[in-house]
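To start, the structure itself, in structure tokens.
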Ligand code: B1M
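Residue numbers (the working numbering): 6 to 223.
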């Protein structure tokens with residue numbers, strides 16, 4: 006097997022120790038960190054994301070895959086910063102006010118990081134004012150929100166309205182997801198994009214920022 010095949014397999018197996026060992030070994034051998042990020046770690050996300058969407062991988066497995074990608078990416082981060090490589094884009098993410106569910110949001114964050122985005126995670130039960138303040142910093146291209154409860158949906162709508170009202174919507178795209186949403190509800194709430202799962206959240210983020218997406222998922 007080629008070395009990247011071994012790395013792809015380790016990530017797919019959710020074997021973070023093995024993934025770290027392979028990444029460290031490749032760095033020692035002098036592999037270019039940008040090549041390692043793109044062809045090694047990010048490329049491994051394609052099969053994981055596809056298998057998750059196709060129902061071949063399940064949530065606990067994807068969490069392990071995402072963790073393995075994250076650990077590998079963490080090793081590369083300082084080297085990429087030194088090389089002056091810009092992240093694909095910056096995303097601020099949180100679960101909306103009144104909602105304490107964070108497993109899905111954490112997976113979306115990990116997948117985004119694995120795909121080369123810089124992600125600031127605001128946590129759970131995030132006030133609209135906090136989203137507005139973060140969006141107003143001009144650091145982020147995407148404001149991403151997760152909502153799981155019927156009762157937290159109005160907070161998602163209020164947060165988007167607050168972004169509009171406070172004039173910080175220009176220059177940022179709003180991406181939403183979570184079990185209580187679908188594309189129609191997301192559109193009605195005023196979001197720019199909706200994704201039903203973490204793999205498609207990565208695709209949607211790329212689409213919103215005009216970046217090339219890999220293979221589109223149905
Ligand atoms: Co709660 N809960 N819960 N819960 N909980 C649900 C959501 C519920 C459907 C269960 C049910 O009744 N069948 C129900 C909501 C019903 C509704 O409102 N329509 C519910 C309820 C009612 C409640 C409480 C009110 C219960 C109570 O106290 N009476 C309470 C509310 C607390 C609060 O938030 N204020 C509550 C509490 C909890 C726990 C704390 C016990 C725990 C959360 C622990 C945690 O998150 N750290 C919990 C859990 C675990 C669940 C279930 C069982 C699982 C949720 C989950 O993590 N799913 C859930 C029932 C279920 O879904 N089977 C349920 C796995 C996760 C990966 O999926 O979050 O959908 P999900 O994320 C997906 C996609 O949605 C998408 O990608 C993810 C990965 O593919 N996605 C995005 C998510 N965010 C995205 C953002 C994006 C894009 C995609 O872009 C930004």
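Yeah, the Cβ is synthetic: ideal placement off N, Cα and C, and Gly gets one too.
Going by beta-carbon coordinates alone, are residue 167 and residue 158 separated by less than 8 Å?
The residue labelled residue 167 in the question sits at position 162 within the chain shown. The residue labelled residue 158 in the question sits at position 153 within the chain shown. No. Outside cutoff.
With DSSP run on the structure shown, which of helix, strand or coil describes residue 42?
Counting from 1 along the chain shown, the entry for residue 42 is found at position 37. Of the three classes helix, strand and coil, the one that applies to residue 42 here is helix, per DSSP.
Closest residue to residue 111 among 207, 13, 22 (Cα-Cα distance)
Taking the first residue of the chain shown as 1, we reach residue 111 at position 106. Of the candidates 207, 13, 22, the one whose C-alpha sits nearest the C-alpha of residue 111 is 207.
Shortest alpha-carbon distance to residue 115 belongs to which of 47, 38, 84?
Within the chain shown, numbered from 1, the residue matching residue 115 stands at position 110. Checked all of 47, 38, 84; the closest Cα to residue 115 is 47.
Look at the alpha carbon of residue 220 and the alpha carbon of residue 51, and state the distance between them as a whole number of angstroms.
Here residue 220 is taken as the residue at index 215 of the chain shown, counted from 1. Here residue 51 is taken as the residue at index 46 of the chain shown, counted from 1. Its pLDDT being 48, under 50, residue 220 is placed unreliably in this model, and the value from its coordinates should be taken loosely. Distance between the alpha carbons of residue 220 and residue 51 is about 8 Å.
CA-to-CA distance, residue 72 to residue 211, given in whole angstroms
Along the chain shown, one-based indexing puts residue 211 at 206. Along the chain shown, one-based indexing puts residue 72 at 67. In a straight line, the C-alpha of residue 211 is about 21 Å away from that of residue 72.
Below 8 Å on the Cβ atoms is my contact criterion, and I expect residue 214 with residue 94 to pass it. Report the Cβ-Cβ distance as a whole number of Å.
Start at 1 with the first residue of the chain shown, and residue 214 comes out as number 209. Start at 1 with the first residue of the chain shown, and residue 94 comes out as number 89. Confirmed, Cβ separation roughly 5 Å.
Alpha-carbon spacing of residue 88 relative to residue 53, whole angstroms:
Numbered from its first residue, the chain shown carries residue 88 at position 83. Numbered from its first residue, the chain shown carries residue 53 at position 48. Their backbone Cα atoms lie some 28 Å apart in a straight line.
Round the Cβ separation of residue 181 and residue 161 to the nearest angstrom and send it over; I've been treating them as touching at under 8 Å.
Taking the first residue of the chain shown as position 1, residue 181 is located at position 176. Taking the first residue of the chain shown as position 1, residue 161 is located at position 156. Contact flag correct, Cβ pair sits at about 6 Å.
Counting along the chain, where does the alpha helix (DSSP H) carrying residue 100 start and finish?
The residue given as residue 100 occupies position 95 in the chain shown. Where residue 100 is concerned, there is no enclosing alpha helix (DSSP H), although the beta strand (DSSP E) it sits in stretches over 95–100.
Select from 217, 216, 209, 204 the residue whose C-alpha is nearest the C-alpha of residue 56.
On the chain shown, residue 56 is found 51 positions in, with the first residue counted as 1. Looking at the Cα atoms, 204 is the closest of the given residues.
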